Structure formats: C-alpha cells, structure tokens
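Chemist: Would you mind keeping the following structure in view while I ask a few things?
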Amino acid sequence: GFTTGAAVHVFSSQLPALFGLKSPKVQGAWKIPKFYIKIFKTLPNVNFMSITIAFTSIILLYTAKQLNEKYKKKIRVIVPCELLLIII
1 GFTTGAAVHV FSSQLPALFG LKSPKVQGAW KIPKFYIKIF KTLPNVNFMS
51 ITIAFTSIIL LYTAKQLNEK YKKKIRVIVP CELLLIII
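This is how it looks when you write it as structure tokens:
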C-alpha cells in the first residue's frame, strides 16, 4: 500500500543521482513507467564515477551496519559510518 508507494517514489527520485543523470521530466498518466523508460534510454550517458562512488558507499554502509550489530557488545561504541562517509 502506502509504504510501498512511498518507497518506489523515494527510489525513483534517487535513481538519476545514482547514475549521474539529470532527472527526466514526465507528466500525465503512467508517470512511473514513462520515467523509467526515459532513464533506461539515457543509460549510455551514465557517469561511471558516480556509480562507483554510490555502490561503494552502499556496500560500506551495509557492511558497517552488519559489523556494528555483530560486535555491539564487544566494542560498546557504535562506529558512525554515515558520518565518516560524509567526511570522506
């Protein structure tokens, strides 16, 4: 329902930034499918450095979350990976 729609909206709004593309303007009915068709048509213009940074950041955040949960009792301090990622 609503949560899934919100997730699709957030994902769709972040997708052009992930690929280093300008967000295509779409109006009218069937907005989401038209949006994704325009995104897929512009994939040859992808900025590969943007993709590399994005996927490296996603992997780093996921790994840090898993390690923080696994070693929470031993370390007693949660590593602020999000903050470190912004600084880098």
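Taking UniProt numbering, the leading residue of the sequence shown gets 1, the next gets one more, and so forth.
From the three backbone atoms N, C-alpha and C, an ideal C-beta is built for every residue, glycine too.
Just so you know, these numbers come straight off a predicted model, no measurement behind them.
1) Give the secondary structure of GLN14 by DSSP, where H, G and I count as helix, E and B as strand, and everything else as coil.
2) Taking GLY20 and ILE58 to be in contact with their CB atoms under 8 Å, please state how far apart those CB atoms are, rounded to whole angstroms.
3) Anyone know if the C-beta pair for residue 108 and ILE39 falls short of 8 Å?
4) Do LEU60 and LEU85 have their C-beta atoms within less than 8 Å of each other?
5) Is VAL8 helix, strand or coil by DSSP?
6) For ASN45, which three-state DSSP category applies?
7) DSSP three-state label for PRO33, please.
Modeler: By the coordinates alone:
1) helix
2) Not quite, the Cβ-Cβ distance comes to about 15 Å (not below 8 Å), so this is no contact.
3) Shown here, the chain extends from 1 to 88; a query on residue 108 therefore has no answer.
4) In contact: LEU60 and LEU85 (Cβ atoms closer than 8 Å).
5) helix
6) Three-state DSSP puts ASN45 in a helix.
7) helix
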